[in-house]
Amino acid sequence: MKIVLLCLVELGALWSQGKMKDSALKVLYLHDNQLLAGGLHVGKVIKGEEISVVPNRALDARLSPVILGVQGGSQCLSCGMEKEPILKLEPVNIMELYLGAKESKSFTFYRRDMGLTSSFESAAYPGWFLCTVPEADQPVRLTQIPEEATWDAPIVDFYFQQCD
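Residue numbers (the numbering used here): 4 to 167.
1) To the nearest angstrom, how far is it from the Cα of ASP35 to the Cα of ARG65?
2) Alpha carbon to alpha carbon, what distance is there between LEU80 and GLY51?
3) One question on the structure: do LEU28 and LEU38 come within less than 7 Å of each other, judged by their Cβ atoms?
4) Nearest to GLU93 by CA position, among ALA152, ILE70, ASP63, LEU62, is which residue?
5) In chain order, what residues of the same chain lie with their CB nearer than 7 Å to the CB of ILE148, ignoring the 5 residues before and after it?
6) Quick check on ALA40: does DSSP put it in helix, strand or coil?
7) Starting from GLU99, trace the alpha helix (DSSP H) in both directions and tell me its first and last residue.
8) With distances taken from CA atoms, which of GLN141, SER67, VAL56 is nearest MET117?
9) Would you tell me roughly how many angstroms separate the C-alpha atoms of ALA156 and THR135, rounded to the nearest one?
10) Can you give me the start and stop residues for the beta strand (DSSP E) that GLN164 sits inside?
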C-alpha cells in the first residue's frame with residue numbers, strides 16, 4: 004500500500020495531461036483509432052484529444068524522455084518499423100510503462116523545448132520526429148527533418164496546453 008501511494012504521489016507531480024497543436028495550430032484528435040491533426044469539420048470545431056505525458060524513468064532524464072498516451076493513457080504512441088519508422092497507437096497502459104523497469108524505447112520520445120513549442124524525437128529511431136503535414140485531417144506520423152525547409156515540409160513543432 005505504501006509503495007502504491009508513494010508512486011501515485013510521485014506521479015502527481017510528473018503526470019501531465021493537455022491538448023497538443025502543431026505550429027500551424029492544427030489540433031491533434033482521434034478518429035477511427037488514428038491520431039490526426041486538423042481544425043474545422045463541416046463548420047464544427049474539433050475539440051482535440053487529451054494527451055497524457057509521463058517521463059520514462061529508465062532513460063537519461065537529461066534528455067527529457069517522455070511517453071505519450073491518449074484515451075486517458077489507455078493507448079500509447081509507439082514507433083515501429085516497416086520500410087522506415089512508422090507511428091502507431093498501441094493498447095498499452097501508460098502507467099504500466101511508467102512503473103515498469105524496461106527502457107520501452109519504442110514508446111519513448113525525447114522532448115526538446117524550444118521557446119513555446121516542443122519537438123518529439125523517437126528514442127528508438129534517432130533522427131525521426133513526431134510530425135504533421137500542412138494538409139488538415141491527416142495522420143500524425145514520423146519524419147526526418149529535411150535539410151532545406153519548403154512550404155510543404157512536415158511540421159515537427161508542437162504546442163502543449165496543459166488541462167486544468
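All C-beta atoms, glycine included, are put in the ideal place defined by N, C-alpha and C. Given the structure is predicted, the values throughout are model-derived calculations rather than measurements.
Quick answer:
1) 36 Å
2) 16 Å
3) no
4) ILE70
5) PHE132, VAL159
6) strand
7) 97-102
8) SER67
9) 9 Å
10) 161-165
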